[in-house]
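The numbering of the sequence shown is the numbering used here, which starts it at 4 and goes up by one. This report refers to the structure that appears directly beneath it.
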Amino acid sequence: MTKVKTGLDVWVEQGFSALKGRRVGAIVNPTSVDSRFHHLADLLRNAPGVTLAALFGPEHGIRGEAQYMVAVGEAKDRRTGVPVHSLYGSTFESLSPRQEWLSGLDALVFDIQDVGSRYYTYVYTMALAMKAAAQARVPFYVLDRPNPLGGVALEGNLVGEGYRSFVGLYPLPNRHGMTAGELARLFNAEFGIGCELTVVPCEGWRREMYWSDTGLPFLPPSPNMPTPDTALVYPGMCLGEGTNVSEGRGTCRPFEQFGAPWLDAEALVARLDRERLPGVAFRPVGFTPTFDKFRGESCSGAFIHVTDRATFQPLRTGIAIFQAVRDVGEGQFAWRADAYEFVEDVPAFDLLCGTDQVRRGIEAGWPLSKLLEGFSAQTETFEKQRAPYLLYT
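Here is the structure:
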């Protein structure tokens with residue numbers, strides 16, 4: 004197997020020559036490492052002629068210890084001693100770098116592993132930082148990394164104008180099939196950011212590659228994204244955050260298993276089996292979360308076994324799952340009603356779906372095909388839009 008080189012590996016080989024003589028800020032998390040597991044912050048700190056001036060931490064922080072939707076504070080990095088600025092606080096405004104933080108910087112570098120789903124917030128941290136960099140006239144660099152889901156298959160609808168949030172800041176499909184660097188190019192041109200952008204591409208990555216084809220180790224980019232298998236189901240199962248069903252947070256297999264104390268696991272699996280969903284099988288399961296929903300309570304539900312990732316449709320599967328949970332939940336299923344990702348006036352499930360069509364349809368008893376009506380056309384529109392910004396064949 005030929006090992007893929009990330010953008011960071013490419014820059015390491017080049018001795019960070021693009022940054023010589025510059026004061027640099029870096030947006031990083033635990034995935035920001037090269038092939039020898041050296042962290043970008045440490046590499047920049049020791050690179051000849053480069054001054055590491057600041058670090059910026061997204062959701063979960065630069066060391067990845069914070070849980071989802073937990074504000075991250077200001078600090079100093081214990082290894083490099085440079086200031087760490089939080090890009091995930093308690094307001095939407097806290098998601099963008101302040102102009103005073105960028106003052107005196109000659110470059111801002113983004114190097115974080117994405118997982119290929121539009122809900123995953125790191126690419127929106129990138130986009131907001133690009134906007135701030137454009138305003139401050141600071142050149143912006145993206146060190147690219149592979150999309151764990153590959154770059155061929157796309158699935159889903161585009162986020163509607165009234166449903167934009169930090170889990171859907173731009174009209175992307177749920178599974179977008181792009182790398183962070185490709186998305187940066189699209190955001191910059193299509194949505195008027197206009198920053199001075201440079202993407203350092205991976206070497207050896209091809210669009211048909213899943214993570215297991217890259218030869219790279221998978222470092223969890225957030226506490227509940229432990230494996231590439233998690234990423235594979237995430238484009239559908241993140242929808243669980245908009246319900247009162249546990250999406251498996253606080254277990255060893257988040258998003259691959261789901262449930263609630265009031266669910267009948269066998270009835271649920273029988274209901275899902277009737278949908279004859281491609282590339283997937285379900286198994287009754289029980290678990291007790293140590294975190295988040297139903298902490299310390301015994302839950303019943305199902306485990307998702309992807310049997311053929313080429314035919315598996317994660318969004319279709321996820322929507323079918325929450326439709327089935329509502330059907331067998333004996334009236335105990337509910338939509339999440341509290342504020343979600345800084346939005347108070349739109350249901351969380353609708354924000355995640357980018358539309359109210361799915362929630363309304365589930366409530367009305369629509370068949371699965373009608374819940375997904377129009378999605379394929381929107382994906383085809385996006386596939387044409389993204390074409391000029393792709394970096395890999």
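Note that the Cβ used here is the ideal one computed from N, Cα and C, for glycine as well. Treat the numbers as computed from the prediction; the structure is a model and nothing was measured.
Among all the DSSP beta bridges, which residues are the ones paired with His308?
Ala284
Please list the terminal residues of the continuous beta strand (DSSP E) segment that includes Asp114.
110-114
Who are the Cβ neighbours of Ala44 in its own chain at under 8 Å, not counting the five residues just before and after it?
Ala29, Val31, Ser35, Leu55, Leu58, Ile65, Asp80, Arg82, Thr83, Val85
Need the endpoints of the beta strand (DSSP E) that Thr201 sits in, please.
200-203
Contact defined as beta carbons within less than 8 Å: I believe Glu269 pairs with Pro287. What is the distance between those atoms, to the nearest angstrom?
5 Å
In this structure, how does DSSP classify Gly171 when only helix, strand and coil are distinguished?
strand
Using only the alpha-carbon positions, how far apart do Asp353 and Ala367 sit?
15 Å
Looking at the strands, I want to know which residues DSSP matches up with Thr54.
Arg26
One question on the structure: do Ala110 and Val15 come within less than 7 Å of each other, judged by their Cβ atoms?
no
Report the three-state DSSP secondary structure of Gly347 (helix, strand or coil).
Residue identity check: residue 347 is Glu in the sequence provided, not Gly. Correct three-state label for Glu347: coil.
Tyr343 beta carbon less than 7 Å from that of Glu185
no
Quick check on the DSSP output: the alpha helix (DSSP H) that includes Ala234 runs from which residue to which?
231-240
Below 7 Å between beta carbons: does that hold for Arg339 and Thr254?
Not in contact: Arg339 and Thr254 (Cβ atoms no closer than 7 Å).
Please return the same chain residues whose Cβ sits closer than 8 Å to the Cβ of Lys373, not counting the five positions on each side in sequence.
Gly364
Relative to the C-alpha of Gly256, which residue among Asp267, Val283, Thr293, Gly207 is closest?
Reading off the sequence shown, one finds Arg at residue 256, where the question assumed Gly. Answer by Cα proximity: Thr293.
Are at least three pairs of beta-carbons, each pair with one atom in the stretch 108-123 and one in the stretch 147-167, less than 8 Å apart?
Three or more pairs of CB atoms, one per stretch, sit closer than 8 Å, so the stretch 108-123 contacts the stretch 147-167.
When DSSP labels each residue in this structure, what does Thr217 get in the three-state scheme?
For Thr217, the secondary structure class from DSSP, reduced to helix, strand or coil, is coil.
In terms of DSSP beta bridges, what is Trp338 paired with?
Thr246
Tell me the DSSP secondary structure of Lys6 in three-state form.
coil
For Tyr71, I'd like the list of residues in its chain whose CB is within less than 6 Å of its CB, leaving aside the five on either flank, ordered along the chain.
Caution is warranted here: a pLDDT of 48 is assigned to Tyr71, below 50, making its placement in the model unreliable, and the coordinate value is therefore given only provisionally. None.
Are the stretch 122-142 and the stretch 93-110 touching by the rule of at least three beta carbon pairs closer than 8 Å?
yes
To the nearest angstrom, report how far apart Arg167 and Gly357 are at their CA atoms.
7 Å
For Arg210, which residues from the same chain have a beta carbon less than 7 Å from its beta carbon, with the 5 sequence-adjacent residues on both sides left out?
Gly153, Gly154, Val155, Tyr395, Thr396
How big is the Cα-Cα spacing for Arg279 and Leu172?
Linking Arg279 to Leu172 through their CA atoms gives a straight-line distance of about 33 Å.
Close beta carbons around Glu199, own chain, < 6 Å, minus the five adjacent residues each side:
Pro142
Leaving out five residues on either side along the sequence, give the residues of the same chain with a beta carbon under 7 Å from the beta carbon of Val73.
The predicted position of Val73 is uncertain, since its pLDDT is 49 and thus under 50; a value taken from the coordinates is nonetheless stated next. Cβ within range, chain order: n/a, list empty.
Nearest CA to the CA of Asp232: which residue from Val283, Ser301, Ile324, Ala183?
Checking every option, the nearest Cα to that of Asp232 belongs to Val283.
Sheet register partners of Val145 (DSSP bridge):
Phe113, Val202
Could you work out which residue in Leu222, Lys296, Gln260 is closest to Arg39 when comparing CA atoms only?
Leu222
Bridge partner(s) assigned by DSSP for Glu158
Arg178
Per DSSP, what are the beta-bridge partners of His42 in this structure?
Val36
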